[in-house]
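Asker: Taken in order, the sequence shown gives residues 1 to 595; the numbers are from UniProt numbering.
Using N, Cα and C, we set each Cβ at its ideal position, and we do this for glycine too.
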Amino acid sequence: MLHSQTDSITALREVRLIAYRLKDSTYTRNVIVVKDSVLKQNQASLTNFLNFNSTVYFKENGLGMVSSPSFRGTTASQTSVLWNGININSQTTGQTDFNTINTRGYNKIEIKPGGSSVADGSGAIGGSINLVNELGFNKGFHNELFANYGEFNTYGIDYQTNYSSKKFSMLLGITRNASDNNYPYPKTERININGQYHNTNVSFAATSKLNLNNTLKVFANVYDGRRNFSVPTPNALKTKYTDFNTRSLIEWESHFSAFKSNLKVASTTEEYRYFGNIDNNFYTYGKVTSFIAKYGLDYVLSNKMLLTAGLNYTHNDGQGSNIASETRNLSAALVSFKHVLSENFLYELGLRQETNEQYGNPLLYSAGFSAKLTDVYQLKVNTSKNFRIPTYNDLYWQGVGNTDLKPETSYQGEISNNFNFKNLSISLTGYYNYVENLLRWVPDSSGIFRPENTNKVEIYGLESVVTLQKSFGNHKFTGSATFAYTVSENKETGKQLIYVPFYKFTSSVGYNYKRISAYYQYLNNDEVFTTTDHATEHILDSYMVANLGAEYTLGKKRDYKLGAQILNFWNESYESVLNRPMPGRNFNFYLHLKF
């Protein structure tokens, strides 16, 4: 017979562990983090992904054409796009064309609504999008191929190879997308003319553990694209546009005692050529070369307090057909403090001192707290001051540029209510944003558009994000939904800004059973005004668009997938920019291999 111990038993107290993510600067704001498994279900462009998975509204001049976002009722230039922590917004236009960003070159995307100029720098008034390449270790050698083909001779090929050992990891990706884009306009006899496009993207990332305390990372990206611009009428002059962008980054992380050091040195180039007549070799161009250096130092004051300090420097050198050669130097010093008062309550404070050659030295701030009031309910409150400086085109465009422009400044606050149950999470956020010196291009008495600081804008609204997961044996169900109600009002006229819908709603449901999976995506955008006087004949109607997809997994290791998608399932006739119709129902097929 055997007996277990029956005496000398010591009862141990419950132990709670609190994890500190030293890079995380958004304890008191909601951030949506999307992994690559979700990215694969959407079309390759960042526009398509965010359209169906976020509250961001997009203006798209036809499929694959220029695409610009409206984040919480702001302009496209007030949305900051980061590449592994480096701002890649165009220095000429101030914004990023989201149809030039291929989501399959990244395995994580962070969506940060609200102002974040203290952390992300100038331009982050409406929100930020961070494109991240994450590398792991000890995973060996593996490859991944994703290929799709659809109507209008649309195809995409994405190949990635990965290798990682105990101390080294490397990723190389090559993506090619192209389309004749000659889709018929729904409910008409016209087709999309001169809409062809193609682009190639090469990305590289590597990291090496030099020793226990030091890690070196290298990132690189090259984008080469050409687009013909769709013509609004059959007899309009055909044009085309090419852009070539490069990015390179070296990052060095060090850990020693209570300190963590992070140094980033990056170089970016952007160059475009615009051909006003596709049959003529004459073009106008713009080119900007940038050098960026960022240094951050974290100091753990105690197991509940973290102090962070940093220095940023950016040098821009721009020139072009309509811009004389100009240089610009920007620098900033920032400091933040995070304090965990208890297991359920923390607060953070941040300051950023900007310095530049033209706009003085604005002091920005952010502050907030997070409180877990019950097992299922968490309250977050955040406030901040943010700003954006004018772009090269705003200042130096020959004949129309305005060197007397002032930077935009915004003051905003938000309150988030987060509910987390076993299989369900609900987030409800209310926000307010007041923008001074809003920069817009407006027509003068002769009808020529010129940049001016025109108005003050008051923005407020509600956002909600819901996610659900539930399993019954081999049956797995997922669901998500987003809703945004936005008022973005010109205080001088009392009217809603153009191309800002009052509401946007998205939802998706997914089902998985063994080797079979299917999903349904839905998007509903409210009507938008396209003129400042809200002329009824120029209002874009609301629209509802849905996608339906299914895939089947082959092989014992479940590494091969065949999939099909029906895009615009209900054949909705719609446009997000006046006189720029989007395609009706169309089909797409794909193959996803891991080996």
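Please report how far the alpha carbon of V34 lies from the alpha carbon of Y285, in whole angstroms.
Answerer: In a straight line, the C-alpha of V34 is about 36 Å away from that of Y285.
Asker: Please work out which residues of its chain come closer than 7 Å, Cβ to Cβ, to A258, disregarding the five sequence neighbours upstream and downstream, and give them in chain order.
Answerer: Here the set comprises Y299 and V300.
Asker: From N344 to K304, what does the alpha carbon distance come to, in whole angstroms?
Answerer: Their backbone Cα atoms lie some 12 Å apart in a straight line.
Asker: I need the boundaries of the beta strand (DSSP E) containing V300, first residue and last residue.
Answerer: It spans T284 to S302 - the beta strand (DSSP E) in which V300 sits, taken as one unbroken run.
Asker: Would you give the residue range spanned by the beta strand (DSSP E) that L50 belongs to?
Answerer: No beta strand (DSSP E) contains L50, which is instead part of the alpha helix (DSSP H) from L46 to N53.
Asker: State the Cα-Cα distance for the pair Y313 and L306, rounded to the nearest angstrom.
Answerer: Each residue's Cα considered, the two are about 24 Å apart.
Asker: In terms of DSSP beta bridges, what is M305 paired with?
Answerer: According to DSSP, M305 bridges with S302 and H339.
Asker: Going by the DSSP bridge assignment, what does E270 pair with across the sheet?
Answerer: Paired residues: N245 and V288.
Asker: So what does A333 bridge to, in DSSP terms?
Answerer: DSSP, once it has assigned bridges, lists L311 and Q353 as partnering A333.
Asker: What are the partner residues of I566, as DSSP defines its beta bridges?
Answerer: In DSSP, I566 forms a bridge with L548 and F587.
Asker: Is it right to say D158 is buried, meaning 16 or more other beta carbons lie within 10 angstroms of its own, or is it exposed?
Answerer: Classification of D158: buried, given that the 10 Å Cβ count is 16 or more.
Asker: Let me check understanding here. Comparing Cα to Cα, which of G399, F152, Y552 and Y295 lies closest to V335?
Answerer: The shortest Cα separation from V335 among G399, F152, Y552 and Y295 belongs to Y295.
Asker: Just the C-alpha distance for L12 and S169, rounded to the nearest angstrom, thanks.
Answerer: Legend: pLDDT at L12 = 48, less than 50; position of this residue unreliable, no value from coordinates given.
Asker: Is F419 near Y392, with beta carbons less than 7 Å apart?
Answerer: Not in contact: F419 and Y392 (Cβ atoms no closer than 7 Å).
Asker: Determine the extent of the alpha helix (DSSP H) in which Y411 is found, giving its start and end residues.
Answerer: Unbroken run through Y411 is the beta strand (DSSP E), E408 to N420; no alpha helix (DSSP H).
Asker: Between K495, Y522 and S164, which has its C-alpha nearest L50's C-alpha?
Answerer: Checked all of K495, Y522 and S164; the closest Cα to L50 is Y522.
Asker: Quick check on the DSSP output: the beta strand (DSSP E) that includes V118 runs from which residue to which?
Answerer: Where V118 is concerned, there is no enclosing beta strand (DSSP E), although the alpha helix (DSSP H) it sits in stretches over S117 to D120.
Asker: Can you give the Cα-Cα distance for T536 and S80, rounded to whole angstroms?
Answerer: So the two alpha carbons sit approximately 32 Å from each other.
Asker: Please report how far the alpha carbon of residue 596 lies from the alpha carbon of P186, in whole angstroms.
Answerer: The requested residue 596 is not part of the displayed model; the chain covers only 1 to 595.
Asker: If I follow the unbroken alpha helix (DSSP H) through N386, where does it start and stop?
Answerer: From DSSP, N386 is part of no alpha helix (DSSP H) but of the beta strand (DSSP E) over Y377 to R388.
Asker: Relative to the alpha-carbon of N417, which residue among Y411, L428, E408 and S410 has its alpha-carbon at the smallest distance?
Answerer: That would be L428, whose Cα lies nearest to the Cα of N417.
Asker: As a quick exercise: from E489, F52 and Y223, pick the residue whose alpha carbon is nearest that of D243.
Answerer: Nearest C-alpha to D243: Y223.
Asker: Nearest CA to the CA of N235: which residue from T269, V265 and R190?
Answerer: Considering only alpha carbons, the answer is R190.
Asker: Measure the C-alpha to C-alpha separation of S370 and Y27 and round it to an integer number of angstroms.
Answerer: Approximately 7 Å between the Cα atoms of the pair.
Asker: Pick helix, strand or coil for G105, following the three-state DSSP scheme.
Answerer: Helix.
Asker: If you drop the 5 nearest sequence neighbours on each side, which residues of the same chain put their C-beta closer than 7 Å to that of L349?
Answerer: Within the same chain, L349 has close Cβ partners S336, F337 and A367.
Asker: By the 10 Å Cβ neighbour count, where 16 or more other Cβ atoms means buried, how is W570 classified, buried or exposed?
Answerer: Label assigned to W570: exposed.
Asker: Compute the Euclidean distance between the alpha carbons of A481 and N280, then round it to the nearest angstrom.
Answerer: About 48 Å.
Asker: Taking C-alpha atoms, which residue in K594, E271 and M582 lies nearest to Q319?
Answerer: It is E271.
Asker: With a 10 Å radius around its C-beta and 16 neighbouring C-beta atoms as the bar for buried, classify V442 as buried or exposed.
Answerer: Label assigned to V442: exposed.
Asker: Please classify T188: is it buried, with 16 or more other beta-carbons within 10 angstroms of its beta-carbon, or exposed?
Answerer: Classification for T188: exposed.
Asker: Using the Cβ count rule (16 or more neighbours within 10 Å means buried), how would you classify Y513?
Answerer: It counts as exposed.
Asker: Could you name the residues of the same chain whose beta carbon sits closer than 6 Å to that of S261, not counting the 5 residues immediately before and after it, in chain order?
Answerer: Closer than 6 Å at the Cβ level, and outside the excluded window around S261, lie S254 and L297.
Asker: Tell me the DSSP secondary structure of H534 in three-state form.
Answerer: DSSP places H534 in coil when its eight states are reduced to three.
Asker: Is the stretch 576-593 touching the stretch 547-564 in the sense that three or more CB pairs, one from each, lie closer than 8 Å?
Answerer: Contact between the stretch 547-564 and the stretch 576-593 is present, because at least three Cβ pairs lie under 8 Å.
Asker: Is the beta carbon of N177 less than 7 Å from the beta carbon of N194?
Answerer: Contact flag unset, no.
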